[in-house]
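For the sequence shown, this note's numbering assigns the number 2 to the initial residue and increments by one for each residue that follows. For each residue, glycine too, the CB sits at the ideal point set by N, CA and C.
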Amino acid sequence: LGIRMVHQELNLVPDLTVAENIFLGRMPRRLGFFDRGGMVRRAAAILAELGAAIDPQQRLGDLSISQQQLVEIAKAYAAEPRIIVLDEPTSSLSEHETAALFRILRKMRDAGIAIIYISHRLKEVLDIADEVTVLRDGAMIETRPASGITAAEMIRLMVGREVSNVFPKTPSTIGRQVLRVRNAGDGERFHAISFDVRAGEILGLTGLVGAGRTEVARAIFGLAPLTSGTVEIDGAPVTIGSPAAAARAGIAYVPEDRKGDGIMPAMTVRENISLPVLRRLANRFGRVRRGAERELAGTYVRKFSIVPPDGERRIGLLSGGNQQKAVISRWLATDPKVLILDEPTRGVDVGAKAEIHGIIGQLVANGMAVVMISSELPEIMGVCDRVVVMRDGRASVPLAREGLTEERIMALATGEESAEGEAA
């Protein structure tokens, strides 16, 4: 029928190459045999047209989430569809990569391809769409020309009420230095990274996808090795060789890939929340006290309004926003001093996004230090107290939010401007 779908959750084979994934089920043939050389050349041409600097012969599983997302889009584009459905296609893309994708989508539209673009990113919808349809609770609410609707009107139609502030800023008192990172590097993907985070502060970490933001967070949490530099908590050096060591030091990390690294989809909300603190919930014989576990999970279900309010519900059945609230709850149960959030609102709707921002605001108001990684510049500008911009594995000095603009951040992220010597 000529219909292709780009799913929000990746639908690729990690052990195949990029080219093999793009042409999976449609391998080009020559003289009755698979034309591997032709396949690689065609894949390279498609990736180049999409503006994706990806080696078609690389193993897909070795790519970052954002690069895999681009391969998913390339796979659909290669099939020359009449209709293409894209579900949150930019959830892992930077603004530069999003702009490149939009150029391709406009070219496809002008060539007569019908495009259904599903997104919670309202600015993107208004930028790319000719017509907008709003759904709520499985029902179609309204359809209008994109030129005849505003983002505020879409939010009202989506949630059934006014959302007055998508980026609520809870007053907090910025106190002592909690996390101090100096000259951290892994010898390959990031180098000489230095920043600090104080109690009651949200430090934003942004930049183009592939700049090294996630790699820095994973290393601080012990998921990847640091080959140079130091990490201090409350002024004391800490050696972090594993996530368990990081948790003992007071560091918590909510990963970017919620489905792959964040939740255990077959387990209940209760079991997901209690995972890192089972030892604390066990009796003297080593058996988990189910009553204490239910009480712990119930506290967070009520506190963060997780829907449905049932700790026995399988977490894989919940919406993305409620899954994310449960993952945040899991790490808050460890009583951390520092919470690192990697793309915390990726793939959630506007209402859930505002709720997650509200949770982060409550945490810093109570004195927690937060590092938030985000590709969404309005989110970085609206939530963070200071911002570190990364480019090619290196970081700017922390910049104060006051006077900082999205254009300035993009200039730093692309190398058009250097932030050396500027301090917040």
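Asked: Considering only C-alpha positions, which residue in the set F222, I175, A193 and A53 is nearest to R104?; Found: A53
Asked: Please go through the same chain and pick out, in chain order, the residues whose beta-carbon is closer than 6 Å to the beta-carbon of A200, but skip the five residues on each side of it.; Found: G176, R177, V179, G368 and A370
Asked: Can you tell me which residues form a DSSP beta bridge with D197?; Found: R181
Asked: Run through DSSP, which three-state label would L13 get?; Found: coil
Asked: Report yes if the C-beta distance between L11 and E50 is below 8 Å; otherwise report no.; Found: no
Asked: Hey, how far is the Cα of E294 from the Cα of N273?; Found: 10 Å
Asked: Is it true that the CB of L224 sits closer than 8 Å to the CB of D187?; Found: no
Asked: Is it buried or exposed for V14, if we count other Cβ within 10 angstroms and need 16 for buried?; Found: exposed
Asked: Decide if the stretch 355-364 is in contact with the stretch 321-333; the criterion is three or more beta carbon pairs, one per stretch, under 8 Å apart.; Found: yes
Asked: I'd like the ranges of any beta strand (DSSP E) spanning at least 3 consecutive residues and lying wholly in the stretch 125-154.; Found: 132-137 and 140-146
Asked: Bridge partners for R315 per DSSP, in chain order?; Found: T269
Asked: Exposed or buried, which one is I4 when buried takes at least 16 other CB atoms within 10 Å?; Found: exposed
Asked: Output the distance between the C-alpha atoms of M109 and L2, rounded to the nearest integer angstrom.; Found: 17 Å
Asked: Thinking C-beta only, is M141 closer than 8 Å to G151?; Found: One point to set straight first is that residue 151 is Thr, not Gly, in the sequence displayed. No, they are not a contact pair.
Asked: Spatial neighbours of Q9 within its chain, please: C-beta separation below 7 Å, excluding the five flanking residues on both sides.; Found: D88, E89, S92 and G348
Asked: Can you tell which of K124, Q59, M373 and H121 has the C-alpha that lies nearest to the C-alpha of V339?; Found: M373
Asked: So, is the C-beta of L11 closer than 8 Å to a C-beta in chain B?; Found: No chain B is part of this structure, which consists of one protein chain only.
Asked: Is it the case that the Cβ atoms of E154 and R190 are separated by a distance below 8 Å?; Found: no
Asked: Using 8 Å as the Cβ pair cut-off and three pairs as the minimum, do the stretch 56-64 and the stretch 29-37 touch?; Found: no
Asked: Secondary structure at S229, three-state DSSP: helix, strand or coil?; Found: strand
Asked: Please state whether the Cβ-Cβ distance between D204 and V210 is less than 8 Å.; Found: In the sequence under discussion, the amino acid at residue 204 is Leu, which differs from the Asp named in the question. Not in contact: L204 and V210 (Cβ atoms no closer than 8 Å).
Asked: Does the count of Cβ pairs from the stretch 239-258 and the stretch 298-310 closer than 8 Å reach three?; Found: no
Asked: Considering Cα atoms alone, identify which of I66, S65 and V19 is closest to R43.; Found: V19
Asked: If you draw a straight line from the C-alpha of P399 to the C-alpha of G26, how long is it?; Found: 48 Å
Asked: Taking 8 Å as the cut-off, decide whether the C-beta atoms of S397 and V384 are in contact.; Found: no
Asked: Tell me which residue opens and which closes the alpha helix (DSSP H) that I341 is part of.; Found: Run containing I341: none in the alpha helix (DSSP H); it sits in the beta strand (DSSP E), V339 to D343.
Asked: Can you look up D88 in the DSSP assignment and give me helix, strand or coil?; Found: strand
Asked: Return helix, strand or coil for G39, following the three-state DSSP convention.; Found: helix
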